[in-house]
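Trainee: Order-wise, the sequence lines are chains C and X. Counting in my numbering, the first sequence runs from 1 upward without gaps. Counting in my numbering, the second sequence runs from 1 upward without gaps. Backbone N, C-alpha and C define an ideal beta-carbon position, used for all residues, glycine too.
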Amino acid sequence: MRKRSMLVVAGAVALVASLIVGPAATAKSERQAAGTVVIGHDQEPVTLNNLITEGNAYTTSLVTNVVLAGGSIYNQNAKLVPYLFNGPAKLVKSNPLTVSFAYKANAAWSDGRQVTGADFLATYRTIMNPNWDITSREGWEDIASVKVKGKNVTVTFKKGKSYAAWDALVASSPYPAHKMAGKNFNDLYRESLDVSSGPFKFSSWQKGTQLVLVKNTAFKAGKPAKVDRVVFRYIPSTPSLFQALQSGEIQVTEPQPQLQIVDIRKNSKFNVQSGPGYFYEHMDIQFGPKGHPALKQRYVRQALITGINRAQIRQALYVTPGLVASAKSLPVLQSLIFKPFEEPYQPNWAKFGFNQQKAINILKGKGCTGGPAKPTANNSDIWSCPGVGKLSFRFTTTSGNQLRALTFEVAQKQLKSVGIELVPRFGPAGTVFGQVLPSGDWDIFMFTWLGGPTSSATSFGLYGCGGDQNYMNYCNKKASDMYKTAQFTPDPVKRAQILNQAEKIMVNDVPSVPMYVRPGFLINSTGVKGPVLNPTQQGSTWNAELWSTSN
Amino acid sequence: MLIYIVRRLLYSVVVLIAASFIIFSFVSLSNDPLAFLKMQPNASEQTIENITKRKHLDQSIPVQYVYWAKDAITNQFGTTTIGNRPILPDLTRVMGHTLQLVIAAEILAILVAVIIGVYSALRQYSMFDYTATTFSFVGLATPVFWLALMLQVLFVNIYLWFDVRIFYTASLSGVDPGSGLHFVLDRAQHLGLPIIVLMAASVATYSRYMRASMLEVVNSDYVRTARAKGVSERGVTMRHAFRNALIPLVTIVALNFGGLLGGVVVTETVFALDGMGLYFVTQLQLGDPYPVMAWLMVTATLVIVFNLIADIAYGFLDPRVRYD
Numbered sequence: 001m002r003k004r005s006m007l008v009v010a011g012a013v014a015l016v017a018s019l020i021v022g023p024a025a026t027a028k029s030e031r032q033a034a035g036t037v038v039i040g041h042d043q044e045p046v047t048l049n050n051l052i053t054e055g056n057a058y059t060t061s062l063v064t065n066v067v068l069a070g071g072s073i074y075n076q077n078a079k080l081v082p083y084l085f086n087g088p089a090k091l092v093k094s095n096p097l098t099v100s101f102a103y104k105a106n107a108a109w110s111d112g113r114q115v116t117g118a119d120f121l122a123t124y125r126t127i128m129n130p131n132w133d134i135t136s137r138e139g140w141e142d143i144a145s146v147k148v149k150g151k152n153v154t155v156t157f158k159k160g161k162s163y164a165a166w167d168a169l170v171a172s173s174p175y176p177a178h179k180m181a182g183k184n185f186n187d188l189y190r191e192s193l194d195v196s197s198g199p200f201k202f203s204s205w206q207k208g209t210q211l212v213l214v215k216n217t218a219f220k221a222g223k224p225a226k227v228d229r230v231v232f233r234y235i236p237s238t239p240s241l242f243q244a245l246q247s248g249e250i251q252v253t254e255p256q257p258q259l260q261i262v263d264i265r266k267n268s269k270f271n272v273q274s275g276p277g278y279f280y281e282h283m284d285i286q287f288g289p290k291g292h293p294a295l296k297q298r299y300v301r302q303a304l305i306t307g308i309n310r311a312q313i314r315q316a317l318y319v320t321p322g323l324v325a326s327a328k329s330l331p332v333l334q335s336l337i338f339k340p341f342e343e344p345y346q347p348n349w350a351k352f353g354f355n356q357q358k359a360i361n362i363l364k365g366k367g368c369t370g371g372p373a374k375p376t377a378n379n380s381d382i383w384s385c386p387g388v389g390k391l392s393f394r395f396t397t398t399s400g401n402q403l404r405a406l407t408f409e410v411a412q413k414q415l416k417s418v419g420i421e422l423v424p425r426f427g428p429a430g431t432v433f434g435q436v437l438p439s440g441d442w443d444i445f446m447f448t449w450l451g452g453p454t455s456s457a458t459s460f461g462l463y464g465c466g467g468d469q470n471y472m473n474y475c476n477k478k479a480s481d482m483y484k485t486a487q488f489t490p491d492p493v494k495r496a497q498i499l500n501q502a503e504k505i506m507v508n509d510v511p512s513v514p515m516y517v518r519p520g521f522l523i524n525s526t527g528v529k530g531p532v533l534n535p536t537q538q539g540s541t542w543n544a545e546l547w548s549t550s551n
Numbered sequence: 001m002l003i004y005i006v007r008r009l010l011y012s013v014v015v016l017i018a019a020s021f022i023i024f025s026f027v028s029l030s031n032d033p034l035a036f037l038k039m040q041p042n043a044s045e046q047t048i049e050n051i052t053k054r055k056h057l058d059q060s061i062p063v064q065y066v067y068w069a070k071d072a073i074t075n076q077f078g079t080t081t082i083g084n085r086p087i088l089p090d091l092t093r094v095m096g097h098t099l100q101l102v103i104a105a106e107i108l109a110i111l112v113a114v115i116i117g118v119y120s121a122l123r124q125y126s127m128f129d130y131t132a133t134t135f136s137f138v139g140l141a142t143p144v145f146w147l148a149l150m151l152q153v154l155f156v157n158i159y160l161w162f163d164v165r166i167f168y169t170a171s172l173s174g175v176d177p178g179s180g181l182h183f184v185l186d187r188a189q190h191l192g193l194p195i196i197v198l199m200a201a202s203v204a205t206y207s208r209y210m211r212a213s214m215l216e217v218v219n220s221d222y223v224r225t226a227r228a229k230g231v232s233e234r235g236v237t238m239r240h241a242f243r244n245a246l247i248p249l250v251t252i253v254a255l256n257f258g259g260l261l262g263g264v265v266v267t268e269t270v271f272a273l274d275g276m277g278l279y280f281v282t283q284l285q286l287g288d289p290y291p292v293m294a295w296l297m298v299t300a301t302l303v304i305v306f307n308l309i310a311d312i313a314y315g316f317l318d319p320r321v322r323y324d
């Protein structure tokens with residue numbers, strides 16, 4: 001009897017095992033249809049409307065950029081190249097700034113309608129409608145008029161409001177006028193996207209798991225997609241993302257900087273691309289009444305930046321672990337305005353090289369006392385300076401970020417050896433960004449600015465006197481005026497000159513310590529040809545129509 | 001019994017209200033749901049103002065709580081702060097996924113644990129008993145995230161070495177899950193590893209309870225009496241001992257089940273399963289009190305209900321227990 005029972009149990013186990021293992025044995029990644037590329041991403045879009053606040057995320061752009069195509073798009077060198085436009089947008093007049101552009105004759109929506117200037121006009125009106133939760137109206141609010149004639153558009157800006165990044169603004173993806181009319185824009189495209197002007201169109205969205213785009217056969221304005229489908233799989237845990245990549249469940253991913261990348265680099269089945277992006281890490285210094293009085297002294301700030309070995313921090317975070325191929329590919333950031341790969345980039349902050357003895361001499365020369373005579377690793381003497389007290393500063397940043405924690409540890413040790421103390425004040429991102437940063441109740445704050453190719457034009461907001469996001473309360477009237485001028489200088493060459501001049505003035509004040517540009521990574525299995533890293537918000541799917549698969 | 005249930009439910013309402021206010025206050029105080037938006041260069045002041053007004057973010061916490069309570073009761077948990085998106089559809093979806101995972105894991109865990117527990121008790125101090133005890137402690141001591149990651153690594157390597165995919169490492173279903181039996185198999189391959197992870201801890205706990213309970217019963221007077229009456233050993237074990245030994249396990253399972261339905265945060269995060277736990281973590285990171293509160297109310301209600309079910313079941317199964 002007992003034997004029979006055991007046989008029954010064994011039989012049941014064998015049945016279950018065969019049900020799972022049997023078919024599973026044939027369930028290889030190749031089961032996916034040929035011409036399908038699976039992209040793994042750690043964040044899922046909330047909506048497919050990337051103009052409104054909840055859709056304002058990189059993950060949304062990855063999907064929508066290939067569905068709602070732009071007039072021009074940023075290529076891998078962050079240069080605007082015409083896409084739905086029949087050529088670059090033209091500067092007709094400087095004051096009032098007037099620009100014109102035209103959509104290609106074969107630019108059409110997937111439902112057969114033409115992409116025309118009416119779509120641009122409808123998009124402009126939608127963005128300016130105060131009822132909708134539009135993330136940013138910057139530049140759009142400077143437009144005085146939009147004149148449309150079929151596929152041709154002329155945009156005139158308000159007098160004296162020559163919006164500098166006009167070329168990027170008019171190149172924005174036009175939304176379909178015929179689909180938006182009479183709709184609540186906050187709810188539009190929340191679950192699906194029923195029309196396309198790009199090489200792919202929306203197919204399905206299994207929330208929490210995957211989103212599927214299929215080839216838009218009606219797309220004639222550019223090269224047709226080579227693959228049938230692009231599938232976005234959402235895997236929030238980075239280690240799991242790497243496991244999924246190795247086991248062929250996903251083929252392309254843009255991971256956060258992780259040590260697993262080093263292993264993947266050694267694996268011949270994968271291509272790893274890395275390069276600096278537009279997000280940059282920096283330490284801001286508080287000039288307001290709630291900040292440390294010592295930091296209002298320029299010599300203290302100069303000693304601070306001189307005492308930090310920024311190259312070593314970059315080395316420890318990215319180069320030594322092997323995350324980036326070499327130090328050359330991730331230079332120390334020497335400008336808060338431009339990125340190292342941008343043409344107008346000038347190493348304005350390079351004058352503050354790492355020199356611990358110099359930092360000590362600066363403080364000693366200003367009558368500070370109690371600090372070390374020479375930099376030593378085990379120093380515990382902290383300087384006190386006349387009228388401003390002990391050089392012990394609160395260092396605020398987000399908790400739970402390993403790279404920031406490591407940056408703090410290295411900077412803390414370096415500064416301690418010259419007699420400057422950093423006291424950690426870490427907190428959750430929501431708290432430090434939502435409450436602490438705007439309150440000005442901090443001494444030094446390390447965080448990342450999420451920039452883009454047009455960010456330099458709007459530097460006034462960050463570094464101008466009274467700028468919206470000048471949380472440092474820093475003000476240098478001369479530099480501020482120049483930043484304001486640059487904001488309304490449409491000529492990019494002239495604008496870059498003004499910005500570099502303004503930054504050279506700002507550098508002497510040391511309101512901030514530029515650290516490094518956060519590198520971006522793009523990994524693809526060798527079975528997928530074509531992915532190229534793009535440092536802009538255009539993202540890795542910017543050329544998805546050129547991708548091909550060998551499966 | 002009815003009075004007891006009504007009394008417990010009334011107490012529960014008070015607990016729910018108190019818990020909801022405390023959690024709402026903590027979430028609202030510790031996070032600004034507009035923080036990320038405010039960090040965007042050149043974010044629209046108009047939009048920030050619109051959202052602030054819509055969700056009364058400029059009001060005091062108690063006032064915000066009253067607005068939330070009204071929204072939760074009259075508008076199915078209301079809408080998210082950013083985006084004004086209805087919360088209930090998302091919550092219903094993730095609840096369904098968690099149910100699939102937890103029910104499968106618990107049924108299998110109970111089956112395995114009961115077999116191990118009963119056999120260990122009947123063969124007390126045998127090699128099997130010692131082995132089961134050792135593995136139970138290993139199961140209890142193993143961190144869930146570690147086991148999950150190790151299983152992922154193991155099955156990825158099995159795939160790489162043998163080109164055979166037994167289980168997937170992430171997500172609820174494949175790119176093309178198909179339908180019918182194909183869908184069921186695809187789901188089984190995706191839920192396989194998370195189920196094993198959940199089972200590990202549950203089997204360890206349940207088997208210890210089952211063993212202890214069974215040992216207590218097999219040595220009791222009525223079992224000895226049954227044997228003396230000439231009942232077969234199988235009859236004694238199954239009819240007299242096993243049924244009575246199940247009573248404590250039922251209580252433990254019911255209590256555990258209620259908690260698990262709130263989401264298995266680590267397991268769901270590691271395996272990218274769109275369930276209650278992952279939903280909670282994601283919303284908490286966004287700092288939006290509305291979805292967090294919706295999750296809390298559902299979870300708290302489930303815990304209360306399953307606690308009540310455990311108590312009632314105990315009364316039904318054990319005639320000695322009476323509720324006044």
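Please tell me whether Val195 (chain C) and Trp132 (chain C) are closer than 9 Å, where the distance is taken between their beta carbons.
Mentor: Translated into the one-based positions of the first sequence, residue 195 (chain C) becomes position 195. Translated into the one-based positions of the first sequence, residue 132 (chain C) becomes position 132. Their beta carbons are not under 9 Å apart, which means Val195 (chain C) does not touch Trp132 (chain C) by this criterion.
Trainee: Taking the straight line between their C-alpha atoms, what separation do you get for Met1 (chain C) and Glu254 (chain C)?
Mentor: The sequence position of residue 1 (chain C) within the first sequence is 1, counting from 1. The sequence position of residue 254 (chain C) within the first sequence is 254, counting from 1. Confidence at Met1 (chain C) is low in this model, with a pLDDT of 45, below 50, so the placement of that residue should be treated as unreliable; the coordinate-derived value is given next. Their Cα atoms are separated by approximately 59 Å.
Trainee: List the residues that DSSP assigns as beta-bridge partners of Glu281 (chain C).
Mentor: Translated into positions along the first sequence, residue 281 (chain C) becomes position 281. According to DSSP, which records beta bridges pairwise, Glu281 (chain C) is partnered with C:Thr448, C:Tyr516.
Trainee: Take Ile256 (chain X) as the anchor and find which of X:Val102, X:Ala121, X:Asn244 has the nearest alpha-carbon.
Mentor: Looking up residue 256 (chain X) in the second sequence gives position 256. One detail in the question is off: residue 256 (chain X) reads as Asn in this sequence, not Ile. For the residues X:Val102, X:Ala121, X:Asn244, the minimum Cα distance to Asn256 (chain X) belongs to X:Val102.
Trainee: Taking Cβ-Cβ distances shorter than 7 Å, what residues in chain X pair up with Ile305 (chain C)?
Mentor: Translated into the one-based positions of the first sequence, residue 305 (chain C) becomes position 305. By Cβ distance, chain X contributes nothing, its closest Cβ being about 24 Å from Ile305 (chain C), past 7 Å.
Trainee: Please give the ranges of any alpha helix (DSSP H) in the segment 107-187 of chain X, keeping only runs that are unbroken, at least 4 residues long and fully inside the region.
Mentor: Here the runs fully enclosed are 127-141, 144-162.
Trainee: Do you know offhand how far Leu211 (chain C)'s Cα is from Gly139 (chain C)'s?
Mentor: Residue numbering aside, residue 211 (chain C) sits at position 211 when the first sequence is read from its first letter. Residue numbering aside, residue 139 (chain C) sits at position 139 when the first sequence is read from its first letter. Roughly 32 Å between the two C-alpha positions.
Trainee: Using only alpha-carbon positions, find the residue among X:Ala72, X:Leu99, X:Val236 that is nearest to Met276 (chain X).
Mentor: Taking the second sequence and counting its residues from 1, one reaches residue 276 (chain X) at position 276. For Met276 (chain X), the nearest C-alpha among the options comes from X:Leu99.
Trainee: Going along the chain, which unbroken runs of the alpha helix (DSSP H) with 4 or more residues stay wholly within the segment 267-317 of chain C?
Mentor: List check, alpha helix (DSSP H) in window: 298-306, 310-314.
Trainee: Give the residues from the segment 58-87 of chain X that approach chain C closer than 9 Å (Cβ to any Cβ), ordered along the chain.
Mentor: Those would be Thr80, Ile82, Gly83, Asn84, Arg85, in chain order.
Trainee: For Asp441 (chain C), which of C:Gly387, C:Gly288, C:Gln538, C:Pro321 has the nearest alpha-carbon?
Mentor: If you number the first sequence from 1, residue 441 (chain C) lands on position 441. Of the candidates C:Gly387, C:Gly288, C:Gln538, C:Pro321, the one whose C-alpha sits nearest the C-alpha of Asp441 (chain C) is C:Gly288.
Trainee: Quick one: does Asp90 (chain X) have its CB under 9 Å from some CB of chain C?
Mentor: Within the second sequence, the letter at position 90 stands for residue 90 (chain X). Yes, its Cβ sits closer than 9 Å to a Cβ of chain C.
Trainee: Could you spell out where the beta strand (DSSP E) holding Phe354 (chain C) opens and where it closes?
Mentor: Taking the first sequence and counting its residues from 1, one reaches residue 354 (chain C) at position 354. Here Phe354 (chain C) belongs to no beta strand (DSSP E), and DSSP marks it neither H nor E.
Trainee: Where Arg208 (chain X) and Asp187 (chain C) are concerned, what is the direct C-alpha to C-alpha distance, given to the nearest angstrom?
Mentor: The sequence position of residue 208 (chain X) within the second sequence is 208, counting from 1. The sequence position of residue 187 (chain C) within the first sequence is 187, counting from 1. Going by the C-alpha atoms only, they are around 53 Å apart.
Trainee: Can you list, in chain order, the residues of its chain whose CB lies under 7 Å from that of Gln251 (chain C), leaving out five sequence neighbours each side?
Mentor: As a position in the first sequence, residue 251 (chain C) is number 251, starting the count at 1. Closer than 7 Å at Cβ, skipping near neighbours: Val37, Val38, Asn524, Ser525, Gly527, Val528.
Trainee: Quick check on the DSSP output: the alpha helix (DSSP H) that includes Gln206 (chain C) runs from which residue to which?
Mentor: Here residue 206 (chain C) refers to the residue found at position 206 when the first sequence is read from its first residue. Careful: Gln206 (chain C) lies outside any alpha helix (DSSP H), inside the beta strand (DSSP E) at 200-206.
Trainee: Taking only beta-carbon positions, decide if Ala479 (chain C) is within less than 9 Å of chain X.
Mentor: Locating residue 479 (chain C) in the first sequence gives position 479, where the first residue counts as 1. With 9 Å as the cut-off, Ala479 (chain C) does not count as an interface residue toward chain X.
Trainee: Just to make sure I have the definition right: I need the residues of chain X whose C-beta is within less than 8 Å of the C-beta of Phe433 (chain C). Which are they?
Mentor: The residue you call residue 433 (chain C) lines up with position 433 of the first sequence. Per Cβ cutoff of 8 Å: Asp32, Ala35, Phe36, Lys38, Met39.
Trainee: Would the beta-carbon of Pro519 (chain C) fall within 9 Å of that of Gln76 (chain C)?
Mentor: Position 519 of the first sequence, counted from the start, is the residue given in the question as residue 519 (chain C). Position 76 of the first sequence, counted from the start, is the residue given in the question as residue 76 (chain C). Result no, Cβ atoms of Pro519 (chain C) and Gln76 (chain C) do not sit closer than 9 Å.
Trainee: Hey, which unbroken runs of the beta strand (DSSP E) at 3 residues or more fall wholly within the segment 192-232 of chain X?
Mentor: Runs found: none.
Trainee: Taking its Cβ as the centre, do 16 or more other Cβ atoms sit within 10 Å of Asp90 (chain X), making it buried, or is it exposed?
Mentor: The sequence position of residue 90 (chain X) within the second sequence is 90, counting from 1. Buried: at least 16 other Cβ atoms inside 10 Å.
Trainee: Mark Gly22 (chain C) as exposed unless 16 or more other C-beta atoms lie within 10 angstroms of its C-beta, in which case mark it buried.
Mentor: What you label residue 22 (chain C) is simply residue 22 of the first sequence in a count that begins at 1. Legend: pLDDT at Gly22 (chain C) = 48, less than 50; position of this residue unreliable, value from coordinates given subsequently. By the 10 Å Cβ count, Gly22 (chain C) comes out exposed.
Trainee: Using a Cβ-Cβ cutoff of less than 7 Å, which residues in the same chain neighbour Val270 (chain X) once the five nearest sequence positions on both sides are dropped?
Mentor: For the purposes of this step, residue 270 (chain X) is identified with residue 270 of the second sequence, where counting begins at 1. Only Phe145, Ala148, Leu149 meet the Cβ criterion.
Trainee: Closer than 8 Å by C-beta to Val292 (chain X): which residues in its own chain qualify, once you throw out the five before and the five after it? Chain order, please.
Mentor: For the purposes of this step, residue 292 (chain X) is taken as residue 292 along the second sequence, with counting starting at 1. Excluding sequence neighbours, Val292 (chain X) sits near Ile23, Val27, Phe280, Gln283, Leu284.
Trainee: Bridge partners of Pro96 (chain C), per DSSP?
Mentor: The residue you call residue 96 (chain C) lines up with position 96 of the first sequence. Answer is none; Pro96 (chain C) lacks a bridge partner.
Trainee: Out of curiosity, what's the CA-to-CA distance linking Asn379 (chain C) and Lys390 (chain C)?
Mentor: By one-based count along the first sequence, residue 379 (chain C) stands at place 379. By one-based count along the first sequence, residue 390 (chain C) stands at place 390. Rounded to the nearest angstrom, the two C-alpha atoms are 15 Å apart.
Trainee: Could you say if the segment 357-369 of chain C and the segment 93-104 of chain C meet the contact criterion of at least three C-beta pairs nearer than 8 Å?
Mentor: Counting Cβ pairs under 8 Å, fewer than three are found: no touch.
Trainee: Taking a Cβ distance cut-off of 9 Å, strictly less, list which residues of the segment 178-190 of chain C are near chain X, in chain order.
Mentor: Cβ contacts with chain X: Asn186, Asp187, Arg190.
Trainee: Look at the alpha carbon of Asp381 (chain C) and the alpha carbon of Gly371 (chain C), and state the distance between them as a whole number of angstroms.
Mentor: For the purposes of this step, residue 381 (chain C) is taken as residue 381 along the first sequence, with counting starting at 1. For the purposes of this step, residue 371 (chain C) is taken as residue 371 along the first sequence, with counting starting at 1. Taking the straight line from one Cα to the other gives about 5 Å.
Trainee: Whose Cβ in chain C lies nearer than 9 Å to the Cβ of Ser20 (chain X)?
Mentor: Residue 20 (chain X) sits at position 20 when you count from the first residue of the second sequence. Within 9 Å Cβ-Cβ: nothing; Ser20 (chain X) doesn't reach chain C, min ~20 Å.
Trainee: Does the segment 177-189 of chain X come close enough to the segment 78-98 of chain X to have 3 or more Cβ pairs within less than 8 Å?
Mentor: No, they do not touch.
Trainee: Quick one: residues in its chain with C-beta nearer than 8 Å to the C-beta of Ala33 (chain C), no 5 flanking neighbours on either side, listed in chain order?
Mentor: Residue mapping note: residue 33 (chain C) aligns to position 33 of the first sequence, counting from 1. A caution first: Ala33 (chain C) carries a pLDDT of 49, below 50, which makes its placement in the model too unreliable to give a value.
Trainee: Taking the C-alpha atoms as reference points, what is the distance between Ala122 (chain C) and Val262 (chain C)?
Mentor: Counted from its first residue, the first sequence places residue 122 (chain C) at position 122. Counted from its first residue, the first sequence places residue 262 (chain C) at position 262. Answer to the nearest angstrom: the Cα atoms are 47 Å apart.
Trainee: With DSSP run on the structure shown, which of helix, strand or coil describes Leu422 (chain C)?
Mentor: Locating residue 422 (chain C) in the first sequence gives position 422, where the first residue counts as 1. Reduced to three states, the DSSP call for Leu422 (chain C) is strand.
Trainee: If we count the other Cβ atoms within 10 Å of its Cβ and call it buried at 16 or more, is Glu233 (chain X) buried or exposed?
Mentor: On the second sequence, position 233 is the one that residue 233 (chain X) refers to. Glu233 (chain X) is exposed by the Cβ-count criterion.
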